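Asks: Going by full-length UniProt numbering, the sequence shown opens with residue 1, and the numbers climb by one from there.
Think of the CB as a built atom: it goes at the ideal place given N, C-alpha and C, for glycine as much as any other residue.
Given the structure is predicted, the values throughout are model-derived calculations rather than measurements.
Please see the structure below; I have some questions.
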Amino acid sequence: MEFIPSITNIILVGQMSTPNLKQFVDATAMAVMYTNITSYSVGLGMATALDTLCTQAYGAGNIKKFGVLLQSALLGMALTLIPVSLLNWFSADILKILGQEPALADLTGGFVRVMLVGYPALYAFEVLKKLVQAESVTFPMAVLTGLGNVLHISLGYYLSQHTSLGYLGPAVALSLLEVAVFGGMLGYLLWWNPMHVAWCVEWGWPAAWSHVSQVFRFGVPGMLMMLIEWGAIEILTLVAGILPNHILTIGVNSILSSTLNLWYMPYFGLSVAATIRMGNLLGANKPEKAKRVMSLTLRLSFAFALVTASLLLLLSPILPRLVVNDVDIVARGSTALWFIAPLHIIDALNAACQGCFRAMGKQDVASGVNAAAFYLVGVPVAVLFGLYFKWSVEGLWSGFTLGSLSANFIYQFLLSRVDWAVVAQDAVDRE
């Protein structure tokens, strides 16, 4: 559910009635790209440290460790906010250095600065969410983020359509959403379900610093795992910006990336469920059961992906209209969607594999796979197809698919060679 606001930002701006619609849509798409790389991948990636530490601690029956992990994770997140804030505040200048059109960079920079306001609340929410999820409690977060997305859509529509904020309206609404969802999580823990009592939280600097090294040990590779993959995807946005007829190609690219993100969400959720269950089992020293969960997750992901890929093709004439109402972009986007259906299936399998690596505490392995697959295969082939062979935005995504496929081959090979008894013992020793 956390991925929806980025998509709805583009959709809300795309429904505005303004002669500058294409420019605003492109700026919003560029802002989503930029913040995915500099902000969301950092916060969500650092939080994956708790996928390992909390699930294994809970499986080992060491729930009192949560109090220390909470403080260490919050401190780690606070430290990461320093470079994140600088990168976002000076985003317009950075985009100009990267060769983007100055007018587009300025519009993008304004959007990015507004979104910066909500990041402290977002990062804190991610920490609390991981602690709660480790105990297999997920429904409250689904309710909170679901209500938050309704708030974002409603308020974003009003601010963009009926106030002078214009295209900045959805960014303002998103920042308010992130603060509101964090407030809701605090309310849930303090009054509705005070499960934090069992965590034995004793606030203090010694406790906060005690596990910061572990948070960064697992969090930085987790961040890189997301950053490398998302960064590779967003490079396609930058390349789309230098293709002939770049206003059109950026718009089409935003349709493809938004659709992929939307279709990816169920599989990200499935990978999180696998991470929680496998982490609990490894912490409880039950390696064979963890292995069976991995196999089941991969099979389910593949079976469901065949269905959702078919649905993507069936809805290809309709989906672009949900993102933007420009006739030219919609027409091109409807045919371009066919080029990402294979990528969607591979993404689903990769999400499952990455969930398994997070459960084992092997985020560094997954980040290495992503780096090799996407930057040695995916991005170079995408640029070759898109620019050299002049296959435009469709060529970009076709080439990128080969990178994702390479990653999946490596993931499957590595998982087939895991010594589950050793991994489980490592989890037990960590406690």
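Report yes or no: do three or more beta-carbon pairs, one from the region 225-240 and one from the region 308-324, lie closer than 8 Å?
Replies: With the cut-off at 8 Å, the region 225-240 and the region 308-324 do not touch.
Asks: In terms of residues, what are the limits of the alpha helix (DSSP H) holding SER6?
Replies: Segment 4-14, the alpha helix (DSSP H) holding SER6.
Asks: Please state whether the Cβ-Cβ distance between LEU74 and VAL127 is less than 9 Å.
Replies: Cβ distance < 9 Å, so LEU74 and VAL127 count as in contact.
Asks: Is TRP397 buried or exposed, if buried means 16 or more other CB atoms sit within 10 Å of its CB?
Replies: Under this definition TRP397 is a buried residue.
Asks: Can you list the alpha helix (DSSP H) stretches of 4 or more residues lying completely in the region 239-292, in chain order?
Replies: The region 239-292 contains these whole alpha helix (DSSP H) runs: 246-283.
Asks: With THR35 as the anchor, note down where its alpha helix (DSSP H) starts and where it stops.
Replies: Per DSSP, THR35 belongs to the alpha helix (DSSP H) from 21-35.
Asks: Do you know offhand how far LEU414's Cα is from HIS162's?
Replies: Their Cα atoms are separated by approximately 53 Å.
Asks: Under the three-state reduction of DSSP, which class applies to residue 496: helix, strand or coil?
Replies: What the structure shows of the chain is the stretch from 1 to 431, and residue 496 is not part of that stretch, so it cannot be assessed.
Asks: Compute the distance between the beta-carbons of residue 439 and SER416, then report whether it is under 9 Å.
Replies: Not covered by the structure: residue 439. The range shown for the chain is 1 to 431.
Asks: At 4 residues or longer, and completely inside the region 97-172: list those alpha helix (DSSP H) runs for me, N to C.
Replies: Counting only runs of 4 or more, we get 102-116, 119-133 and 139-162.
Asks: For ASN408, does the three-state DSSP call read helix, strand or coil?
Replies: Here ASN408 sits in helix by DSSP.
Asks: DSSP state of PRO194, grouped into three classes?
Replies: Of the three classes helix, strand and coil, the one that applies to PRO194 here is coil, per DSSP.
Asks: Return the residue from the list LEU337, GLY333 and PHE24 that minimises the CA-CA distance to ALA309.
Replies: Measuring from the Cα of ALA309, the nearest candidate turns out to be LEU337.
Asks: Helix, strand or coil for GLY219 per DSSP?
Replies: It is helical.
Asks: Since THR38 is in the alpha helix (DSSP H), which residue starts that stretch and which ends it?
Replies: Premise fails: THR38 is in no alpha helix (DSSP H) and is neither H nor E.
Asks: Take the Cβ of ILE97 as the centre, count every other Cβ of all protein chains shown within 10 Å, and call the residue buried at 16 or more, exposed below.
Replies: The residue is exposed, with fewer than 16 neighbouring Cβ atoms inside 10 Å.
Asks: Measure the C-alpha to C-alpha separation of GLY14 and ALA290 and round it to an integer number of angstroms.
Replies: When rounded, the distance between both Cα atoms is 44 Å.
Asks: Whose C-beta lies closer than 6 Å to the C-beta of MET30 among residues of the same chain, with five residues either side of it excluded?
Replies: So the qualifying residues of the chain are THR108.
Asks: Got a sec? Which residues, its chain only, sit under 6 Å from LEU87 by beta carbon, not counting five neighbours each side?
Replies: Same-chain partners within the cutoff: THR38.
Asks: For the alpha helix (DSSP H) that contains ASP347, what are its first and last residues?
Replies: 341-360 is the extent of the alpha helix (DSSP H) around ASP347.
Asks: Alpha carbon to alpha carbon, how far is MET77 from MET46?
Replies: Looking at the two C-alpha atoms, the distance is approximately 7 Å.
Asks: Under 8 Å by Cβ, that's how I've got ILE228 and PHE374 pegged, so tell me the actual separation to the nearest angstrom.
Replies: At roughly 6 Å, the Cβ-Cβ gap stays under 8 Å, so ILE228 and PHE374 are in contact.
Asks: Please check the pair ASP51 and GLY279, which I expect to be a contact at CB under 8 Å, by giving their CB distance rounded to whole angstroms.
Replies: Contact holds; Cβ gap of about 7 Å.
Asks: The alpha helix (DSSP H) with ASN370 in it runs from where to where?
Replies: Element bounds for ASN370: 363-373.
Asks: Of the choices LEU402, PHE339, VAL25 and VAL307, whose alpha-carbon is the least far from that of GLY241?
Replies: Answer by Cα proximity: VAL25.
Asks: Please state whether DSSP places VAL418 in a helix, a strand or coil.
Replies: Here VAL418 sits in coil by DSSP.
Asks: Using only the alpha-carbon positions, how far apart do SER406 and VAL377 sit?
Replies: The alpha-carbon atoms of SER406 and VAL377 are separated by roughly 8 Å.
Asks: State the DSSP-derived secondary structure class of residue 444, mapped to helix, strand or coil.
Replies: Since the first and last residues shown for the chain are 1 and 431, residue 444 lies out of range.
Asks: Let me know if TYR388 comes out buried or exposed under the rule of 16 or more other beta-carbons within 10 Å of its beta-carbon.
Replies: By the 10 Å Cβ count, TYR388 comes out exposed.
Asks: So, with DSSP's three-state summary, where would you put LEU227?
Replies: If DSSP states are grouped into helix, strand and coil, LEU227 belongs with the helices.
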